[in-house]
């Protein structure tokens, strides 16, 4: 078996596979299916300073090779996450996890990051400046390089752990965004978040999702994610955790060849709760078949062409 170990700022992982935020709850829910300690790490459900109910129903619609959602960052708030959700998770998971932090304004982001970064289970922060489904915060920070850089600096000043910034594909130049947050001191990048989409009811013409628009994820966006990870990983020196439509071990290996140092699996967890351990097994088998002993040997392999 190949050596799948990956070491990133704040994260020493036995393998590069991480369930993506928003598709895996707070992790312990999946422990009834398998031993979640097989995972490299996990990105917790998006957490805000105060509790959020989320967007009105309906929030989900299916599409060709993917899913549209507009959950709206529903969560119980940072103190409930630390006092209840992380306590539950600590009973079934032994390693560090990544806290996904969101906010309605600049101050919310900074305060939430400051608080949750002090929890002993948190190895790194993922700052969600790319959620397309909230009216305040989220993507407004993720489409302006200067605003993203200012927020990154402020969070770095208060965080006790490394800071990764989650980038949106819904921008004209994602490389400019990546360079801005690298210069501001980010320890890493996670990408991509969902693409903005819509579906309509044929009988009424009414948008299916109450929020009207939602974030589209799933296998259909995989080639878009590959292209953006390829471009960004060539332009910056900090590590990139790649995500967007990964549904197999082959997809994960292709994403790492594009430039990702690790991968996150999102929509596929909703299709198959065993997706992540299956992907880990498939990666091992593919690397063995290729005669590759260390997964580091495939990272950025595409960049030679």
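In my numbering, the protein residues as written are 9 to 313. Glycine included, C-beta positions come from ideal geometry on N, C-alpha and C. Keep in mind it's a predicted model, so treat the numbers as computed, not measured.
query	result
Alpha-carbon spacing of residue 159 relative to residue 249, whole angstroms	20 Å
Nearest-angstrom beta carbon gap, residue 300 and residue 10 [assumed within contact, 8 Å]	6 Å
CB contact flag (residue 76, residue 205, <7 Å)	yes
Alpha-carbon spacing of residue 150 relative to residue 201, whole angstroms	10 Å
Local conformation of residue 37 per DSSP, three classes	helix
Assigned exposure category for residue 289 - 16 Cβ within 10 Å defines buried	exposed
Proximity of residue 237 and residue 260 at Cβ, strictly below 7 Å	no
Element boundaries [alpha helix (DSSP H), containing residue 264]	257-266
Any 3 or more C-beta pairs closer than 8 Å across the segment 100-114 and the segment 40-60	yes
Pair within 7 Å by beta-carbon distance, residue 337 and residue 60	Nothing can be reported for residue 337, as the shown portion of the chain is limited to 9 through 313.
DSSP three-state assignment for residue 50, whether helix, strand or coil	coil
Coarse secondary structure for residue 238, derived from DSSP in three states	helix
DSSP three-state assignment for residue 301, whether helix, strand or coil	coil
Expected contact under 8 Å - CB spacing of residue 138 and residue 164 to nearest Å	Going by Cβ atoms, the distance from residue 138 to residue 164 rounds to 18 Å, so no, they are not a contact pair.
Rounded C-alpha distance that separates residue 13 from residue 21	6 Å
Whether residue 17 touches residue 170 by CB criterion (7 Å)	yes
Coil, strand or helix - residue 106 by DSSP	strand
Whole-Å CB distance - residue 104 paired with residue 49, under 8 Å assumed	6 Å
Residue 20, DSSP secondary structure in three states	strand
Buried or exposed (CB count within 10 angstroms, at least 16 for buried), residue 302	exposed
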